[in-house]
Structures are given as C-alpha cells and as structure tokens.
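Undergrad:
Protein chains: 2
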Amino acid sequence: MDISDLTPELLPYLGQAAYFELGMFENLAQAIRISPDLDAKEGLSVVAGRALAKHQGLVAEVRRRGGEPAEVMAPFAPALDDFRAKTMGADWHELLLTCYLAGGLLDDFFIRLSDGLPGDVGPRIAHLLGQGAGTDVLVTHLKAAIDGNPGLGSHLALWGRRLVGDTMLVARSAIPAAAPPVDGTTATAPPTATTPGEARIEPVFTELVAAHTRRMDGLGLTA
Amino acid sequence: MDISDLTPELLPYLGQAAYFELGMFENLAQAIRISPDLDAKEGLSVVAGRALAKHQGLVAEVRRRGGEPAEVMAPFAPALDDFRAKTMGADWHELLLTCYLAGGLLDDFFIRLSDGLPGDVGPRIAHLLGQGAGTDVLVTHLKAAIDGNPGLGSHLALWGRRLVGDTMLVARSAIPAAAPPVDGTTATAPPTATTPGEARIEPVFTELVAAHTRRMDGLGLTA
Numbered sequence: 445m446d447i448s449d450l451t452p453e454l455l456p457y458l459g460q461a462a463y464f465e466l467g468m469f470e471n472l473a474q475a476i477r478i479s480p481d482l483d484a485k486e487g488l489s490v491v492a493g494r495a496l497a498k499h500q501g502l503v504a505e506v507r508r509r510g511g512e513p514a515e516v517m518a519p520f521a522p523a524l525d526d527f528r529a530k531t532m533g534a535d536w537h538e539l540l541l542t543c544y545l546a547g548g549l550l551d552d553f554f555i556r557l558s559d560g561l562p563g564d565v566g567p568r569i570a571h572l573l574g575q576g577a578g579t580d581v582l583v584t585h586l587k588a589a590i591d592g593n594p595g596l597g598s599h600l601a602l603w604g605r606r607l608v609g610d611t612m613l614v615a616r617s618a619i620p621a622a623a624p625p626v627d628g629t630t631a632t633a634p635p636t637a638t639t640p641g642e643a644r645i646e647p648v649f650t651e652l653v654a655a656h657t658r659r660m661d662g663l664g665l666t667a
Numbered sequence: 445m446d447i448s449d450l451t452p453e454l455l456p457y458l459g460q461a462a463y464f465e466l467g468m469f470e471n472l473a474q475a476i477r478i479s480p481d482l483d484a485k486e487g488l489s490v491v492a493g494r495a496l497a498k499h500q501g502l503v504a505e506v507r508r509r510g511g512e513p514a515e516v517m518a519p520f521a522p523a524l525d526d527f528r529a530k531t532m533g534a535d536w537h538e539l540l541l542t543c544y545l546a547g548g549l550l551d552d553f554f555i556r557l558s559d560g561l562p563g564d565v566g567p568r569i570a571h572l573l574g575q576g577a578g579t580d581v582l583v584t585h586l587k588a589a590i591d592g593n594p595g596l597g598s599h600l601a602l603w604g605r606r607l608v609g610d611t612m613l614v615a616r617s618a619i620p621a622a623a624p625p626v627d628g629t630t631a632t633a634p635p636t637a638t639t640p641g642e643a644r645i646e647p648v649f650t651e652l653v654a655a656h657t658r659r660m661d662g663l664g665l666t667a
C-alpha cells in the first residue's frame with residue numbers, strides 16, 4: 445500500500461513527530477519520578493534517553509532545514525498536550541502501558557509516513573524511530589505486575605483498549621487528507637462520505653491496530 | 445592540594461555520583477514540565493540529556509565492575525532525595541537556579557574527588573562530568589528573567605545562598621573522614637575538634653564556594 449502521497453509536508457511532519465517524542469520523554473520522566481524502586485528508575489532512565497534521542501534527532505532535521513523547532517512544533521502542541529493529559533493514566537502501570545502502546549503505535553506510524561518524505565530524510569528518520577526503544581524494560585515491569593495480579597490484567601486490558609482510540613486520533617490528525625470533514629466547507633457532502641485519502645489510509649491504520657493487538661497479546665492482555 | 449587519599453571507595457563514589465546525576469535529570473525533567481514555552485522546553489531537553497548521559501556513564505562504570513547500579517546507589521538515596529526535596533524550589537526560576545548552582549558545584553566536586561580513584565577510571569569520569577553541561581541555556585533564561593525584574597534578582601540571590609549550604613552538606617557526606625563527628629563514639633572529643641580529614645578537605649570546599657560565587661556573579665546575583 446503506497447501512501448507516500450498522503451505524507452504531510454516535511455516540516456509539519458517533523459514538528460508533530462518531534463513534539464510527540466518530547467511528550468513520550470516527559471511521560472517516561474514522570475514514570476521515573478513515581479517508580480516504586482531504584483531498579484525500575486534506572487531501567488526507565490534508559491527508555492527516557494531513547495525517547496529524548498528521537499526527539500533530538502528530529503529537531504536536528506528541523507534545524508538542518510533552517511526551521512525553528514519551537515515554531516515547527518507549536519501547531520501540534522495543543523492536541524498532543526491534550527492527548528498526553530488523557531492518556532497519562534492514574535498510576536505507574538497505566539503510564540507504563542501508555543508509553544509502550546502509544547509509543548509503539550505512533551513510532552510505527554511515523555516510520556510508515558516517512559516513506560513519502562523527499563530526499564534521503566525518510567530512511568534516516570525511519571532508522572532513528574525504528575531503533576530499539578528499550579521498551580523491553582516496560583514489558584518486563586508490566587508482565588511481572590500482570591502475572592502476579594489477574595485483576596490488574598483486566599484493568600490494564602481496558603486501559604489499553606481505551607488508549608488505542610486516542611492514539612489513532614493522533615495518527616489520523618497527521619494526514620489532513622485522511623481526516624474526516626469537520627467544518628462548514630464540506631457541509632454539503634453526504635454524511636457517510638469518506639475522502640479518497642481516508643479510504644486509502646485505512647489499510648495502514650488496520651496494520652497499526654494489528655501491531656497494537658500483538659503488543660497487547662504479548663502482555664497477556666485481551667485487545 | 446592533594447586530597448586523593450580522602451576519595452571514597454570506587455563503588456560508593458560511583459553510586460553517589462550516579463544517583464546525584466539521576467536526581468539532576470529528574471529536576472530538569474520537572475523544569476521541562478513547567479516550562480513557560482516550547483522554546484524553553486526544547487533548550488532544557490538538551491540539558492536533561494546531558495545529565496542523563498552523565499548518569500548512564502557512571503552506571504556503565506558500576507556495571508563494568510560487576511556492581512548492580514540500584515544496589516550501589518541505594519545507600520545514597522535517602523539523603524539525596526531529601527536534598528532534592530529541599531532544593532526543588534517553589535517555581536521554575538528557583539528550580540533552574542538549583543540545576544545550575546548545585547549541578548555545577550557537585551560536578552566540580554566529583555571531578556575533584558576523581559583524582560584519587562584507582563586505575564584509569566578517574567580521568568574517564570573527570571571527562572564525563574566535565575563535558576559542557578549545556579548550562580548556557582539555564583544561564584540565558586535566568587539572566588533574561590533577572591534583568592527584567594530586580595525583585596526576582598534579590599529573591600534568587602537569597603535562594604542561591606541557601607542552596608550552597610545544602611549542596612555543601614552533600615559534598616561533605618561523600619567524604620566520611622571529613623564529616624564532623626555526629627554520634628556517641630566521639631562524644632569525649634572536645635566540641636571544637638576537627639578531624640584531620642576535615643582540615644585537609646577545607647581548602648577544596650573553599651575552591652568550590654569560590655566557583656559558586658563566580659556563578660552567582662555571572663548572573664548578577666550577590667553571593
């Protein structure tokens with residue numbers, strides 16, 4: 445499925461991805477802060493460092509093109525701040541699951557979109573975002589907690605199912621052509637209309653959800 | 445002034461320095477969280493990355509010697525957590541000043557102590573901790589705020605003077621031989637007694653305070 449023509453312009457793409465990774469870093473810093481022990485803190489600091497490296501790599505691409513990172517990220521801040529607030533979770537395990545599932549899904553998504561970027565920047569970003577995110581630490585802590593507590597497992601399964609909706613909305617917002625019509629200019633379209641972009645991106649979203657389901661399965665959670 | 449024989453054992457040294465840098469990283473993550481704008485967030489993320497790199501470099505030295513980072517750091521966690529709680533500050537500017545002044549002083553201190561470490565680890569750590577910490581970002585934000593608000597300057601001068609005491613206590617705790625007697629076993633010593641270690645480390649502390657004063661001066665604050 446070639447969706448390269450749906451990839452947004454380079455600077456907005458970089459701005460959204462960079463701000464998303466900064467948010468993941470902030471989530472992980474929060475997870476470090478509320479870690480139950482030093483060993484968890486130490487392991488999570490590695491994951492936080494990887495998210496920060498992704499953010500900084502994307503920011504470097506912005507600068508290379510003469511962009512101002514803060515300006516390029518700014519349009520995406522309100523929606524991504526709102527996403528983070530909604531998906532922060534009520535405790536350490538929910539937050540770890542958010543980092544694992546939303547981080548995994550949106551890294552996959554930004555890698556998929558990078559196909560359509562001009563020049564050699566696409567492969568460079570795919571490499572940057574595809575680097576092992578150190579998330580085995582997240583999986584280890586989550587599995588240990590779930591294995592010892594079936595009630596926690598069903599609670600986290602619910603949280604994971606809720607996360608996927610909010611996370612997919614972030615992905616959808618990255619592709620203007622795939623977003624459902626939301627303003628008056630399209631008011632005359634029949635309510636069931638899908639844009640051509642929306643129809644073409646759908647299989648990509650199906651792939652992303654399938655990978656999400658595999659992550660849930662790997663933790664023993666029902667997606 | 446050769447204080448190499450006062451340097452603590454290698455693993456405790458690494459544990460204390462590693463946990464201190466992790467705490468600095470957590471302070472910077474908190475500063476990112478409460479940043480007034482995206483530009484500040486972005487600049488601070490670089491400083492946070494440097495603190496994290498220092499932490500991870502020290503942890504790598506622990507692992508190289510077969511140590512468990514969490515175990516090696518654990519004895520220092522209560523005092524350093526207490527130090528962080530006391531020096532976190534009430535707002536963004538106080539927190540930035542803490543990162544700049546306490547970070548600067550204790551990096552200097554751990555570099556000074558690294559002279560006495562065995563083998564080639566000392567120079568390696570001095571290099572790691574001496575790397576530009578990206579603190580020009582902290583200085584830029586603090587100076588901009590102070591220049592525009594003389595009241596903030598005198599408030600932060602007070603905060604800086606208070607910080608130095610708490611920070612020097614952390615340094616002092618790293619050198620058992622230099623710590624003043626605190627328990628019953630030394631109850632028979634005259635109250636004015638200084639240990640030989642304490643007398644010899646004093647000039648080093650004087651140097652650290654002089655560098656602290658230069659940092660305060662650089663910000664236009666009276667130390």
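In the order they appear, the protein sequences are chains A and B. Note that our numbering has the first sequence beginning at 445, numbered continuously upward. Note that our numbering has the second sequence beginning at 445, numbered continuously upward. Note that beta-carbon positions come from the ideal geometry of N, C-alpha and C, so glycine has one too.
Is B:Met660 close to chain A, meaning its C-beta is less than 8 Å from at least one C-beta of that chain?
TA: Taking the first residue of the second sequence as position 1, residue 660 of chain B is located at position 216. Output row for B:Met660: interface = no.
Undergrad: Measuring CB to CB, does B:Thr650 end up less than 8 Å from B:Leu607?
TA: On the second sequence, residue 650 of chain B is found 206 positions in, with the first residue counted as 1. On the second sequence, residue 607 of chain B is found 163 positions in, with the first residue counted as 1. No, Cβ-Cβ distance for B:Thr650 and B:Leu607 is not below 8 Å.
Undergrad: Just tell me which of B:Ala643, B:Ser489, B:Leu466 has its CA closest to the CA of B:His499.
TA: On the second sequence, position 55 is the one that residue 499 of chain B refers to. The candidate whose alpha carbon is nearest that of B:His499 is B:Leu466.
Undergrad: Which of the residues in the region 481-494 of chain B, read from start to end, lie with their CB under 8 Å from any CB of chain A?
TA: Here the close residues are Asp481, Leu482, Asp483, Lys485, Glu486, Ser489, Val490, Ala492, Gly493.
Undergrad: If we call anything under 8 Å between Cβ atoms a contact, is A:Phe554 one with A:Leu573?
TA: Along the first sequence, one-based indexing puts residue 554 of chain A at 110. Along the first sequence, one-based indexing puts residue 573 of chain A at 129. Taking 8 Å as the Cβ cut-off, A:Phe554 and A:Leu573 qualify as a contacting pair.
Undergrad: Give the secondary structure of B:Glu453 by DSSP, where H, G and I count as helix, E and B as strand, and everything else as coil.
TA: What you label residue 453 of chain B is simply residue 9 of the second sequence in a count that begins at 1. B:Glu453 falls in the coil class under three-state DSSP.
Undergrad: Within a Cβ cutoff of 8 Å, which residues of the same chain sit near A:Leu665, ignoring the five residues on either side of it in sequence?
TA: In the first sequence, residue 665 of chain A corresponds to position 221, counting from 1. Taken in chain order, the residues that qualify are Ile590, Gly597, Leu600, Ala601, Gly604.
Undergrad: Any beta carbon from chain A within less than 8 Å of B:Ile476's own beta carbon?
TA: Taking the second sequence and counting its residues from 1, the one referred to as residue 476 of chain B is at position 32. Closer than 8 Å to some Cβ of chain A, the Cβ of B:Ile476 qualifies, so yes.
Undergrad: At the 8 Å Cβ level, is B:Gln575 part of the contact set with chain A, yes or no?
TA: On the second sequence, residue 575 of chain B is found 131 positions in, with the first residue counted as 1. Taking Cβ atoms only, chain A never reaches closer than 8 Å to B:Gln575, which makes this a no.
Undergrad: Given A:Val614, which residues of its chain have a CB within under 6 Å of its CB, disregarding the five upstream and five downstream residues?
TA: Here residue 614 of chain A refers to the residue found at position 170 when the first sequence is read from its first residue. Here the set comprises Phe527.
Undergrad: Whose CA, out of B:Asp551, B:Asp661, B:Leu586, lies closest to the CA of B:Ala570?
TA: Within the second sequence, residue 570 of chain B is the residue found at index 126, counting from 1. Nearest option by C-alpha distance: B:Asp551.
Undergrad: If you drop the 5 nearest sequence neighbours on each side, which residues of the same chain put their C-beta closer than 6 Å to that of B:Glu538?
TA: Reading the second sequence from its first residue, position 94 is the one you call residue 538 of chain B. So the qualifying residues of the chain are Trp603.
Undergrad: Let me see if you follow: with CB-CB separation under 8 Å, is B:Glu470 close to chain A or not?
TA: Residue 470 of chain B sits at position 26 when you count from the first residue of the second sequence. So yes, B:Glu470 belongs to the interface.
Undergrad: With DSSP collapsed to three states, give me the class of B:Gly597.
TA: Locating residue 597 of chain B in the second sequence gives position 153, where the first residue counts as 1. B:Gly597: helix per DSSP, three-state reduction.
Undergrad: In whole angstroms, give me the CA-to-CA distance for B:Ala529 and B:Glu470.
TA: As a first step, residue 529 of chain B is located in the second sequence; it is residue number 85 there, counting from the start. As a first step, residue 470 of chain B is located in the second sequence; it is residue number 26 there, counting from the start. Distance between the alpha carbons of B:Ala529 and B:Glu470 is about 11 Å.
Undergrad: Taking beta-carbon pairs under 9 Å, can you tell me which members of the region 501-524 of chain B lie near chain A?
TA: Answer set for the region 501-524 of chain B: Val503, Glu512, Pro513, Ala514, Glu515, Met517, Ala518, Ala521.
Undergrad: For A:Pro513, count neighbouring C-beta atoms within 10 Å of its own C-beta (all shown protein chains included) and say buried if the count is 16 or more, exposed if not.
TA: Indexing the first sequence from 1 puts residue 513 of chain A at position 69. Burial call: buried.
Undergrad: Could you tell me whether the Cβ atoms of B:Ile688 and B:Trp536 are closer together than 8 Å?
TA: Residue coverage of chain B in this structure runs from 445 to 667, which leaves residue 688 of chain B outside it and unanswerable.
Undergrad: Hey, could you find the ends of the alpha helix (DSSP H) A:Gln500 is sitting in?
TA: In the first sequence, residue 500 of chain A corresponds to position 56, counting from 1. Its alpha helix (DSSP H) spans residues 482-508.
Undergrad: In the structure shown, what three-state DSSP assignment does A:Ile619 receive?
TA: Counting from 1 along the first sequence, the entry for residue 619 of chain A is found at position 175. Note: A:Ile619 maps to coil in three-state DSSP.
Undergrad: Under 7 Å Cβ to Cβ from A:Ser489, same chain only, skipping five residues before and after it: list those, please.
TA: The count along the first sequence starts at 1 and reaches residue 489 of chain A at position 45. Within the same chain, A:Ser489 has close Cβ partners Ile476.
Undergrad: Please name the residue, chosen from B:Arg644, B:Arg508, B:Val648, B:Asn593, that lies closest to B:Arg556 on a Cα-to-Cα basis.
TA: Locating residue 556 of chain B in the second sequence gives position 112, where the first residue counts as 1. The residue with the shortest Cα to Cα distance from B:Arg556 is B:Val648.
Undergrad: If you measure between the beta carbons of A:Ala546 and A:Leu502, is that distance less than 8 Å?
TA: Position 102 of the first sequence, counted from the start, is the residue given in the question as residue 546 of chain A. Position 58 of the first sequence, counted from the start, is the residue given in the question as residue 502 of chain A. No, the Cβ-Cβ distance between A:Ala546 and A:Leu502 is not below 8 Å.
Undergrad: Indicate the three-state DSSP secondary structure (helix, strand or coil) for B:Glu646 in the structure shown.
TA: The sequence position of residue 646 of chain B within the second sequence is 202, counting from 1. If DSSP states are grouped into helix, strand and coil, B:Glu646 belongs with the helices.
Undergrad: Look at the alpha carbon of B:Pro594 and the alpha carbon of A:Pro480, and state the distance between them as a whole number of angstroms.
TA: If you number the second sequence from 1, residue 594 of chain B lands on position 150. If you number the first sequence from 1, residue 480 of chain A lands on position 36. So the two alpha carbons sit approximately 42 Å from each other.
Undergrad: Going by other Cβ atoms of all chains shown within 10 Å of its Cβ, with 16 needed for buried, is B:Ser696 buried or exposed?
TA: As shown, chain B starts at 445 and ends at 667. That puts residue 696 of chain B outside it, with no answer to give.
Undergrad: Rounded to the nearest angstrom, what separates A:Pro635 and A:Ala667 at their Cα positions?
TA: Taking the first residue of the first sequence as 1, we reach residue 635 of chain A at position 191. Taking the first residue of the first sequence as 1, we reach residue 667 of chain A at position 223. Model confidence at A:Pro635 stands at a pLDDT of 48, short of 50, so the residue's coordinates are unreliable and nothing is read from them.
Undergrad: Is the distance from the Cβ of B:Leu455 to the Cβ of B:Gly511 below 8 Å?
TA: Position 11 of the second sequence, counting from 1, holds the residue named residue 455 of chain B. Position 67 of the second sequence, counting from 1, holds the residue named residue 511 of chain B. Yes, these two residues count as a Cβ contact at 8 Å.
Undergrad: Mark B:Ala534 as exposed unless 16 or more other C-beta atoms lie within 10 angstroms of its C-beta, in which case mark it buried.
TA: Sequence index remark: in the second sequence, residue 534 of chain B carries index 90 (1-based). Exposed, since its Cβ has fewer than 16 Cβ neighbours within 10 Å.
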